[in-house]
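Written below as structure tokens is the structure these notes are about.
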Amino acid sequence: MNADDWRRLGKALQGNAELLQELAQSDEHGVNMPENPSSDLGWLIAKGLVDNDDGSLFISSLLLDIGAYVSMPGFERAAPDLEEAMIAITHHCEGYLAAKRENAKDDAERNLKRLGHTVRQITHHLRDESLSARNYIEGFVGYSSRPSERLRDIQNAQGRLKRLQQKLTPFSLHNLRPITRGDRELRRLLTREQAFSLHTAIVRRRSDFESLIGRLDALNATVRKRNEFRQLMQAVEGYLLAGNSLDLLALMNDPKSMHMLTAPPMSPAGMIPLPEYAGEEIAAFEAMLSGLPPPRERPHVEQTEDADTGSLRVPVATSNKKALQVPFARPHLLAMANQLKVTGQPQSAQAYWLRHGSPDVEVRHWLYALSGYYLRLAADLGGKHRLPYGFEARTRPHSPHSGSRLVYDLIMVRNDQRARYATAG
67 MNADDWRRLG KALQGNAELL QELAQSDEHG VNMPENPSSD LGWLIAKGLV DNDDGSLFIS
127 SLLLDIGAYV SMPGFERAAP DLEEAMIAIT HHCEGYLAAK RENAKDDAER NLKRLGHTVR
187 QITHHLRDES LSARNYIEGF VGYSSRPSER LRDIQNAQGR LKRLQQKLTP FSLHNLRPIT
247 RGDRELRRLL TREQAFSLHT AIVRRRSDFE SLIGRLDALN ATVRKRNEFR QLMQAVEGYL
307 LAGNSLDLLA LMNDPKSMHM LTAPPMSPAG MIPLPEYAGE EIAAFEAMLS GLPPPRERPH
367 VEQTEDADTG SLRVPVATSN KKALQVPFAR PHLLAMANQL KVTGQPQSAQ AYWLRHGSPD
427 VEVRHWLYAL SGYYLRLAAD LGGKHRLPYG FEARTRPHSP HSGSRLVYDL IMVRNDQRAR
487 YATAG
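Under the numbering used here, read the sequence shown as residues 67 to 491, first letter to last.
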């Protein structure tokens, strides 16, 4: 890096100082791209010091690390050991709470700034890992010419994401919540779900890592298939270059290999080309056609002028009218309604069927048919309130193996007694 590059970097950093400060303090959603970006900002984006993701700007881990070293001595690196980062978060929270109890505002503010830098460092690091893995998958970044090296790169990317997921285990809500001790500022930075806290960012990045690992699995399978196809093509090419030829007749005569052959091409006239050895079959087919009797000829009838060409009367056939079949549940429903009207007592459909029903039909089938006919009758009349009676279902308790409840009886009651009987039952 020569002197001109250092001057260009200094000019770009100086011209975008306020924007870089806003990027360093932003959450994982970043900062929107300015309407009229300067050439210095474009140079930072081109060099990878500022990332542009669909119109949102993010500061790179390298530039964030440099800024942290300049503004705060002793700050950890931008790609930290997450176990040490968890220890640092605990230490900053304890220092902030202790300074707050002693009413030392400067110490509390300093510990809170260090905690905010640590949280932003972790969230930016996770975002960079997710972005680099997605760019690797979609842009084939880092691909080698050898398939073995490609598979090795994919496995390394998968291993890095899986190890990162395991390192995120200590950053659970169960571990972060006791550190805050109910303090509002600490909860805003670490555990609050509505804000862009550390816990919210980790949960979101965990789901991103799961999807990226799945995409890497699919990419691994694709590369392996392409490698096998490439090896097969190289073997066929070497076989042909050695002076050999492929015997397709043996392949066509093997019934097990017919699925490997393509369909024969169709000519514009719609005729399928026949193979050369089909001459005997064609001769036999022509002999069979020549042995067929000649087609019959229809006798020609001359049309006379006095022929009646007027309209003819066609008798109307009588329609076969069939009587409509009475629904299965209708007579039984009328009998139960009549009994309800005479006695005034609620009628049990189960008890009725056991006394008057057919033993060939089970009670559950009878209850299903009765409820279906009742709903259809109520729909035809305009609603259940138009009928003088209604049904109350009796169900068994919930089964431990199913969420459904079994109806074992239907009770017919008058509509004016329906609510009172349902409360009493």
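Every residue gets a Cβ at the ideal spot worked out from N, C-alpha and C, and that includes glycine.
Reduced DSSP secondary structure (H/G/I, E/B, other) of residue i
i    : result
R362 : coil
S122 : strand
D10  : As shown, the chain starts at 67 and ends at 491. That puts residue 10 outside it, with no answer to give.
N169 : coil
E303 : helix
Q231 : helix
L312 : coil
D249 : coil
A395 : coil
F275 : helix
P463 : coil
L453 : coil
N201 : helix
G423 : coil
D320 : coil
P381 : coil
E142 : With a pLDDT of only 36 at E142, under 50, the local geometry of the prediction cannot be trusted, and no value is derived from it.
R281 : helix
T156 : helix
T189 : helix
P236 : helix
E215 : helix
S92  : coil
S263 : coil
S495 : Outside the shown range of the chain (67 to 491) lies residue 495, about which nothing can therefore be said.
Proximity below 8 Å, CB of residue i to CB of residue j
i    : j    : result
L148 : L255 : no
D106 : G81  : yes
K450 : A459 : no
D475 : Q416 : yes
N286 : I220 : yes
L230 : F262 : no
L110 : A78  : yes
N481 : P463 : no
V479 : P412 : yes
F457 : Y439 : no
R200 : L115 : no
L399 : L433 : no
C159 : L264 : no
L282 : I203 : yes
D320 : L197 : no
P213 : V289 : yes
R243 : T257 : yes
For residue i: DSSP bridge partner residues
i    : result
I477 : S414 and E458
V269 : The partner list for V269 (beta bridge, DSSP) is empty, contrary to what the question assumes.
D117 : F124
V97  : L123
Residue i classed as buried or exposed, judged by whether at least 16 other C-beta atoms fall within 10 angstroms
i    : result
H326 : The sequence as given places Met at residue 326; His does not occur at that position. Classification of M326: exposed, given that the 10 Å Cβ count is below 16.
H422 : exposed
E195 : buried
I155 : buried
L420 : exposed
L85  : buried
R216 : buried
H431 : exposed
D117 : buried
R396 : exposed
A267 : buried
G410 : exposed
I567 : Missing from the structure shown is residue 567; the chain here goes from 67 to 491 and no further.
M354 : exposed
V408 : exposed
D71  : exposed
N177 : buried
A174 : buried
H191 : buried
V427 : exposed
A164 : exposed
A568 : The requested residue 568 does not occur in the structure, where the chain is confined to residues 67 to 491.
T461 : exposed
* Do three or more CB pairs link the segment 123 to 134 to the segment 89 to 103 at distances below 8 Å? -> Yes: the two stretches touch, three or more of their Cβ pairs being nearer than 8 Å.
* To do: Check whether the segment 224 to 244 touches the segment 307 to 327, counting contact only when three or more Cβ pairs, one atom from each stretch, lie closer than 8 Å.
  => The segment 224 to 244 makes no contact with the segment 307 to 327: fewer than 3 CB pairs, one atom from each, lie closer than 8 Å.
* Determine, using beta-carbon pairs with one atom in the segment 219 to 226 and one in the segment 166 to 174, whether at least three such pairs fall under 8 Å. => By the criterion of at least three beta-carbon pairs nearer than 8 Å, the segment 219 to 226 is not in contact with the segment 166 to 174.
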